[in-house]
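Report on the following structure.
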Amino acid sequence: MKKTILVSSCLLGYGVRFDKTSKPLLKEQLSALEDKFNIIGVCPEVLGGLPCPRRPAEISKNREIRTQSGQVLSTFFLKGAHGALNICKNYGIQLAVLKSKSPSCGFGKIYDGTFSGCLINGNGITSDLLLQNGVKVINESELDDWLKTVKE
Numbered sequence: 021m022k023k024t025i026l027v028s029s030c031l032l033g034y035g036v037r038f039d040k041t042s043k044p045l046l047k048e049q050l051s052a053l054e055d056k057f058n059i060i061g062v063c064p065e066v067l068g069g070l071p072c073p074r075r076p077a078e079i080s081k082n083r084e085i086r087t088q089s090g091q092v093l094s095t096f097f098l099k100g101a102h103g104a105l106n107i108c109k110n111y112g113i114q115l116a117v118l119k120s121k122s123p124s125c126g127f128g129k130i131y132d133g134t135f136s137g138c139l140i141n142g143n144g145i146t147s148d149l150l151l152q153n154g155v156k157v158i159n160e161s162e163l164d165d166w167l168k169t170v171k172e
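Sequential numbering of the sequence shown, starting at 21, is according to our numbering.
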């Protein structure tokens with residue numbers, strides 16, 4: 021029986037990013053995931069109640085999520101993160117493949133909150149919450165190496 025994993029909806033080809041675009045996985049990557057797992061797609065920002073398109077947001081030094089104009093969106097991001105965690109709990113999900121650099125899904129590197137394109141070490145709100153609750157998180161750039169470790 022296949023295990024179920026969580027995957028960022030934008031990686032599955034859905035136009036849910038802030039600019040209403042997607043960043044789909046390579047066909048080979050998606051096929052490999054579908055062969056080995058049941059996939060549940062999620063966009064924590066949409067799950068949290070934000071529209072598509074929406075203004076880009078970044079995490080500030082004090083962990084608030086803001087648009088460049090200063091609008092605070094933290095409540096939406098937290099609601100979406102908790103929704104993603106609830107999905108993981110309900111389906112027994114232990115792995116999430118999430119979009120890198122995102123203020124929700126980023127793992128390892130995120131934008132620094134200045135809207136200058138500068139990356140810093142850190143995780144998005146959803147990644148942090150999932151990790152704190154025992155869900156392994158990887159981003160799409162780690163997927164090929166991770167897939168090589170998965171037993172058939």
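Glycine included, C-beta positions come from ideal geometry on N, C-alpha and C.
Asked                                                                                                           : Found
Any beta strand (DSSP E) of 3 or more consecutive residues that is wholly inside the region 103-129             : 115-118
Helix, strand or coil at Ser28 [DSSP, three-state]                                                              : strand
Short Cβ contact (9 Å threshold) for Cys30 with Lys43                                                           : yes
Beta-bridge partners of Arg86, as assigned by DSSP                                                              : Glu78, Val92
C-beta contact flag for Asn110 and Ile130 at 9 Å                                                                : no
DSSP state of Leu97 mapped onto helix, strand, coil                                                             : Note on residue identity: the sequence assigns Phe, not Leu, to residue 97. Helix.
Own chain partners of Gly137 with C-beta closer than 8 Å, once the 5 adjacent residues on each side are dropped : Tyr131
4 or more residues per run - each alpha helix (DSSP H) lying fully within the region 48-78                      : 64-67
Contact check, Ser124 vs Thr146, beta carbons under 9 Å                                                         : yes
Residues sharing a beta bridge with Ile140, DSSP                                                                : Ile130
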